[in-house]
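According to the working numbering, the sequence shown is numbered sequentially starting from -2.
First the structure, in the form of C-alpha cells, and then the observations on it.
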Amino acid sequence: MMQNNQQSLDKVKGAVSTQSRDTDQRLFTKDFIILMMINFLVMTAVTTQMGTLPLYVTHLGGNSIMSGLVVGIWGLAALCARIPVGKLLDTYGRKKLIFIGLAILMADFSMLIFYSTIASLIVLRALQGIGNGTQSTSVATMVADKLPKQKLSIGLGYFSISQTLPAAIGPAIGLVVVENFGFQSLFYFSLSLICLAFVLSFFVKDNYTHVEKSKHVVDENTGFLDLIRLKSVWVPSLIVFVVCFANAAVTAFLVQFGEQKNLSATIVGFSFTMQAIIGALVRVWFAKLYLYFRSYVLVIAGILMIASAYFMIAFGATVEWLVLAGALNGFGFALLIPLMNAVVLKNVSSAQRGRATAIFSSGTDVAYGLGAFMWGVVANFIGFFGMYCLTATMVIATLLLVIAHNRLLNE
C-alpha cells in the first residue's frame, strides 16, 4: 500500500516537473509580450522623426550640415551610452535601467515640445540617443533572460519584429502627423507612446536577482576586454558589423543612386518598404525555418541574399530590380541578425549578458554611423555603381569567417 502511494507521489512529482519544464520552454510569456510592446512603442516614437527632423531643422532656419548633425548625433550618443549601461545592467539588474532609459526619453520629448531652437534640438537629440541606447540595451538583455536557451534564436527573431515594423511604419506616421497637425503634435504623439511604454514597464518582472548575481560573481572573463576576446562574441559581432557597414551605403545613398537612374524618391522608397515587410514576415516564420534548416545553412543563405541584393542595386535599372533587392536584403537580415545575436548570448553567463548585448549593439551603431561617412567618400572616387559592387564583395568576404568558425555558428 505504502509502495503504491509512493509511486503515485512520484508520478505527481514527475508531472509537476514536466509541466514546469514545459512552462519554462514557452516563448510568448506575459513578460516577453510586454517587452515586445515596450520596444515597439519606443521604436515607433523614435522612427517617426527619421524623415521629419531634417524638415524641422529647415523650418527652424538651419541648413543641410545642421540637419546631418541633428540626425547623426543621436547614433553617436546611443553608442556612448551602451558600454557603461551594459556594465550597470550586470551590476544592478535590468528593470531599473529600463526605467531610467524611458524616463530620459519622456523628459527629452517633453522638452522638444517647448524648446524650438537648433542648438536645443542638437542637445535634445543627443539626450534622446542616450535614453534610447539605455532602454534598448536593457530591454534586449531582459528578453534574453526570459527566453529558453534552446529557443534563443527563435525568440530573438520574434522580438526583432518589434524593431522591424516601426522602421516600416514610423517614418510614414511622422510625415502624416507633421503635414496635417505640425511638428509640436508629432512630439506630443511620440511622448504619449513613451509614456505608455513607461507604464507597461511596471508590469514586467526582473528575474535577475542579487542571488543570481552572487552565483556568477566568480565567473571568469567578466570584463569588457575579456568578453570581446571570446570567439563566441567577436566572431558574430564582426560578421554583423561588416554586413551593417555595407548596408549603410543602401540606407544613406540609395535615393541618390536612384535619381541617377531616373527613378523618383517615392519609387526608390518601395525598396525600403519591401525590405521591412519581408523582414517582418520572415521573422514570423523564422521558427519553421529553424526546424528544417541548420543555423549554419541559414547564416550562409542570409549572407548570400544580402550580397545578391547589393549586386542587383548596382546593375538593376528598373523599380522591379530595386524592389527585389529590398526583399532579398530584408530576408537576409531577418535570418542573420537573430542567429548572430543568439550565438553571442548563448555562450555567456546571465551575469555577462548586459555587456555582451552592449558589445553586439555597439558594433551596429558604429557600422551605420561610420559607414554613412566612409561610403560617401568612396562614392566620390568610384561612383555609386562601384560602391555597391564593393559592398557586395565585402559581404561575401564574411563567408570566410563563417566557414572558419562553422562549429561555433552551428550551435
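We treat Cβ as the ideally placed atom computed from N, Cα and C, and that holds for glycine.
Asked: Given a cut-off of 9 Å on the beta-carbon distance, is the pair Phe267 and Leu251 in contact?; Found: no
Asked: Take Phe328 and list the residues in its own chain whose beta-carbon comes closer than 6 Å to its own, dropping the five residues that flank it on each side.; Found: Ile275, Val279 and Met302
Asked: Write down the C-beta distance between Ser187 and Ala42 rounded to the nearest angstrom, noting that I regard them as a contact closer than 8 Å.; Found: 4 Å
Asked: Look up Asn407 in the DSSP assignment and say whether it is helix, strand or coil.; Found: coil
Asked: Helix, strand or coil for Ala227? Go by DSSP, reduced to three states.; Found: Per the sequence shown, the amino acid found at residue 227 is Leu instead of Ala. In this structure, Leu227 counts as coil in the three-state DSSP scheme.
Asked: Are three or more beta carbon pairs between the segment 246 to 261 and the segment 289 to 300 nearer than 8 Å?; Found: no
Asked: Kindly list the residues whose CB is nearer than 8 Å to the CB of Leu183, restricted to its own chain and excluding five residues on each side of it in sequence; keep chain order.; Found: Thr45, Gln46, Thr49, Gly171, Val174 and Val175
Asked: Below 8 Å on the Cβ atoms is my contact criterion, and I expect Asp203 with Arg352 to pass it. Report the Cβ-Cβ distance as a whole number of Å.; Found: Wrong, their Cβ atoms sit about 17 Å apart, outside the cutoff.
Asked: Could you check how far apart the C-beta atoms of Met33 and Val239 are, in whole angstroms? I think they sit under 8 Å.; Found: Going by Cβ atoms, the distance from Met33 to Val239 rounds to 28 Å, so no, they are not a contact pair.
Asked: Could you give the DSSP three-state label for Asp203: helix, strand or coil?; Found: coil
Asked: Looking at the structure shown, is Ala314 part of a helix, part of a strand, or coil, going by DSSP?; Found: coil
Asked: Per DSSP, what kind of secondary structure is Gln46 in: helix, strand or coil?; Found: coil
Asked: In angstroms, rounded to a whole number, what distance separates the CA positions of Cys192 and Ser198?; Found: 10 Å
Asked: Using CA coordinates, which residue listed in Leu321, Gly380 and Ile236 is at the minimum distance from Pro335?; Found: Ile236
Asked: At what residues does the alpha helix (DSSP H) containing Leu94 begin and finish?; Found: Lys92 to Phe111
Asked: Hey, is the segment 83 to 100 in contact with the segment 337 to 353, meaning 3+ C-beta pairs nearer than 8 Å?; Found: yes
Asked: Count the other CB atoms within 10 Å of the CB of Val281; is the residue buried (16 or more) or exposed (fewer)?; Found: exposed
Asked: Determine the burial state of Ala74: buried for a count of at least 16 other Cβ atoms within 10 Å of its Cβ, exposed for fewer.; Found: buried
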